[in-house]
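Shown next, in structure tokens, is the structure this report addresses.
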Amino acid sequence: PADPPSPQEHGLDFQRLLDASAYKEMYRQDMIRWGEEKRYADPGFFCRAAVEGAVQPVWVSFWGGHRGHWGCRAGADGAPAQVVSDTRRLSDVEWFQNVYGDVVQTIRVVATEETRRTRNWVFVTGVDDAESECGLDQGVAFDWVITNDGDKLSLDEQLETLLQSLHRGL
Numbered sequence: 121p122a123d124p125p126s127p128q129e130h131g132l133d134f135q136r137l138l139d140a141s142a143y144k145e146m147y148r149q150d151m152i153r154w155g156e157e158k159r160y161a162d163p164g165f166f167c168r169a170a171v172e173g174a175v176q177p178v179w180v181s182f183w184g185g186h187r188g189h190w191g192c193r194a195g196a197d198g199a200p201a202q203v204v205s206d207t208r209r210l211s212d213v214e215w216f217q218n219v220y221g222d223v224v225q226t227i228r229v230v231a232t233e234e235t236r237r238t239r240n241w242v243f244v245t246g247v248d249d250a251e252s253e254c255g256l257d258q259g260v261a262f263d264w265v266i267t268n269d270g271d272k273l274s275l276d277e278q279l280e281t282l283l284q285s286l287h288r289g290l
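Each residue of the sequence shown is one higher than the one before, starting from 121 at the first, in this note's numbering.
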């Protein structure tokens, strides 16, 4: 379409855009273009939308992109704060760090390409090498790196360590 769609503006099925389906792939490049236009006009557009109307207590997590990114922070008053998922760009991380300061925790979730292929991921040129997918591959010193290669016990142990640390920091 000439006008890149957003789920809210174009009646798309938001839940189906979150899975690894042909439906998502049909709109993916248009969604990326729409997101870039929004970010260009207002770099904090999606960040503000993610925390708008947050009710305490909630968590912050960033997830998404080429390998996956999470981050956690406590609110300005020290209370747990908003959950934010699918942060994909350095400008997003910088926005949260500028607004919430040193309490921001960044978490990167990694999986090998082999593991990702077993989960039906197929590299698409112009999509998987775009900033929306790999914008945090450089420029962020992650506080945590979680490996998600299919070993449930290892993943559970890593997440338990992470959650204990985050709870101690609240």
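We put the CB at the ideal spot given by N, CA and C, even for glycine.
For residue i, does the count of other Cβ atoms within 10 angstroms reach 16, so buried, or fall short, so exposed?
i	result
V224	buried
L286	buried
G226	According to the sequence shown, residue 226 is Thr rather than Gly. It counts as buried.
F134	exposed
G255	buried
S141	exposed
R168	exposed
D197	The predicted model places D197 with a pLDDT of 49, which falls under 50 and marks its position as unreliable; any figure quoted below should be read in that light. With fewer than 16 other Cβ atoms within 10 Å, it is exposed.
N240	exposed
N218	exposed
D222	exposed
R288	exposed
V242	exposed
V229	buried
R237	exposed
Among the options, which one has its Cα closest to the Cα of residue i?
i	options	result
V244	E129, R159, L137 and M146	M146
D263	S274, T281 and G255	T281
A170	W241, D257 and W215	W215
T299	R148, E129 and G155	The chain is shown only over 121 to 290; residue 299 falls outside these bounds and no answer can be derived.
V311	E157, Q149 and R236	Any question about residue 311 goes unanswered here, given that the chain covers just 121 to 290.
S252	E129, Y143 and K158	K158
G259	V213, E129 and L138	V213
From the DSSP secondary-structure annotation, give me the bridge partner or partners of residue i.
i	result
V230	T267
When every heavy atom of the ligand HEM is checked, does at least one fall within less than 6 angstroms of the C-beta of residue i?
i	result
S141	Of ligands this structure carries none, so the ligand HEM is not represented either.
| task | Just list the alpha helix (DSSP H) runs in the region 258-285, keeping only unbroken ones of 4 residues or longer that don't cross its boundaries, in chain order. | result | none
| request: Starting from the N-terminal side, write out each stretch of the alpha helix (DSSP H) that is 4 residues or longer and does not extend beyond the region 132-160. | output: 134-137
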